[in-house]
Amino acid sequence: MFFIGIVTGSLALAGLVAAGDMPDSTPWLIDLHSSPADAQIQQGVCGIGGQYCTSPGCQLAYGPACHGNIWPRGHDTSDVLRPKFGQVPYGVDITSCTTPGTMALTFDDGPYHYTNELLDLLKENNVLATFYVTGVNGAKGAINNRSTANPAMLRRMLADGHQIASHSWSHEDMESVSLEERHRQIVKIEIALADLFGFFPTYYRPPYTSCGADCMAELASLGYHVTNYNLDTKDWQVDGAKAKANYETLLAKANPRTAGVITLAHDIHLDTVHGLTQFMIDKARQAGYKLVTVGDCLGDPRSNWYRDAKTGNPVSESVIGNAVSSYVRPSSSSPSVTVGEKTSGSLSLNRVAAPSGIKEDDDSVEPQISAASLDAVGLRKRTKATDLVPFH
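Residue numbers -19 to -1, 1 to 373, in mature numbering (1 follows the signal peptide of the UniProt record, and there is no 0), belong to the letters of the sequence shown in order.
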């Protein structure tokens, strides 16, 4: 491709890469599109496939093929009522547990190749965690796309008792995008999760913890608890050994008798799943911490962790259980309606079609929760070559 040659040659001349070392258009990780479209920059086309179109990084304003511009199948949540329930504050920066002696292990940016193995590890250790999931970053496919294993992993998170929270649609910096795009980043992941479960989270973590006063105000109006962390393992930046050292150093400064801890790690990194997590569990228990979810460590009942996509109210335990075991998505054969109309499906919300020129994700095939199906989509890959690029 002509533009690729220009970019490669320019970087080589600048000394940033050796000539011939720039990657070609071979898909990186997995390619979201069966027929890759061009990813674009302001000056022109820079490449095709997942290597160029993954989010974050792909410039949304200039690349209709950017994965972040994909619109999830589902019903619009914008008009859902947002009553504020419970005692946890809304739209303020929460960085630690309010219950002394508790620690909440949190994992950002999944689900991904290693997430199922992390769930196995947590189950073996009888530990509950909180997963701040993204909608489409890293070429993993939309989280409600039934042709991927993402829905199965999300259902397993709920079934195992973990907390699912929002980390935006495609991991964009909320202070760098337009007001309209910021709203889309919040709502599109709601649409995807409500499409799977009939509810969506009330807990949110801004990508890069980047969220100023206006962003916080919008999250408050949308009924979100903004929950960051006070112990960053830096696993997104360093190798497993250094991440362990970071964790141990910061843990030694905390006192379980007087405070609680929220950690940050990522289930998109092999070292985190196979090494760091077990280390964190063992050291936390040795120090006297009880390992719980973020909602638990803030004293918030599980029903408050999610908002019903139909009523806006808290979600009962029975509804959560039904979402795992018997939630049936409205039939794909149901007639489409325009925005503003009501549907006869189980959600009775507005149907959102992808805006003109934007790809709508295809979720026509639901994977089975089995070892064979997980193998088929690469969930059991165990090579660091498939780690996502660093972001947090």
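Beta carbons are placed, not taken as given, at the ideal position from N, Cα and C, and that holds for glycine.
Element boundaries [alpha helix (DSSP H), containing Q144]: No alpha helix (DSSP H) holds Q144; the beta strand (DSSP E) holding it covers Q144 to S147.
Per DSSP, cross-strand counterpart(s) of L212: T244
Backbone CA spacing between H94 and E105 [nearest angstrom]: 19 Å
Proximity of A173 and G116 at Cβ, strictly below 8 Å: Contact flag set, yes.
4 or more residues per run - each alpha helix (DSSP H) lying fully within the segment 104 to 179: 131 to 140 and 160 to 178
Span separating the alpha-carbon of K234 from that of T111: 23 Å
Cβ-Cβ separation, D216 to L257 (assumed contact under 8 Å), whole Å: 6 Å
Contact under 8 Å by Cβ, L232 with L212: yes
Cβ-Cβ distance between D289 and V207 below 8 Å: Going by C-beta atoms, D289 is not nearer than 8 Å to V207.
Residue range of the unbroken beta strand (DSSP E) whose run includes K271: K271 to V273
Inter-residue Cα distance where the pair is V300 and A224: Within the model, the alpha-carbon separation for V300 versus A224 is close to 38 Å.
Counted within 10 angstroms of its Cβ, other Cβ atoms place A222 as buried (16 or more) or exposed: Exposed, by the Cβ-count rule.
R301, DSSP secondary structure in three states: Just to set this straight, residue 301 is Ile in the shown sequence, not Arg. Three-state result, I301: helix.
Bridge-paired residues (DSSP) for M84: V242 and L272
Local Cβ density within 10 Å of E98, reported as buried at 16 or more and exposed below that: buried
Rounded straight-line distance, which links the Cα of C278 to that of R163: Rounded to the nearest whole angstrom, the CA to CA distance from R163 to C278 is 28 Å.
Range of the contiguous alpha helix (DSSP H) that encloses Y228: G221 to A233
Delimiting residues of the beta strand (DSSP E) encompassing R288: Y287 to D289
In DSSP terms, what H206 is bridged to: Y184
CA nearest to the CA of A120, picked from R136, R127, L103 and S151: Ranking R136, R127, L103 and S151 by Cα distance to A120 puts S151 first.
Where G25 sits in the DSSP three-state scheme: Only weak support is given to the placement of G25: the predicted model assigns it a pLDDT of 47, under 50, and the value that follows is read from those uncertain coordinates. Residue state, collapsed to three classes: strand.
Contact check, Q218 vs L102, beta carbons under 8 Å: Against a cut-off of 8 Å, the Cβ pair of L102 and Q218 comes out as no contact.
Straight-line Cα distance separating Y270 from C78: 11 Å
Rounded straight-line distance, which links the Cα of T96 to that of D248: 6 Å
Pick from A140, S147, L109 and H143 that is closest to N118, judged by C-alpha positions: S147
Per-residue DSSP class, three states only, for D263: helix
CB of T274 within 8 Å of CB of A140, strictly: no
Cβ distance (whole Å) where I167 is taken to contact A123 below 8 Å: Actually they do not touch by this definition, with Cβ atoms about 16 Å apart.
CB-CB length for L100 against R137, believed under 8 Å: 6 Å between Cβ atoms; contact.
Strand pairing of D74, partner residues [DSSP]: V207
Nearest neighbour of S284, chosen from V108, Y184 and I170 [CA to CA]: The shortest Cα separation from S284 among V108, Y184 and I170 belongs to Y184.
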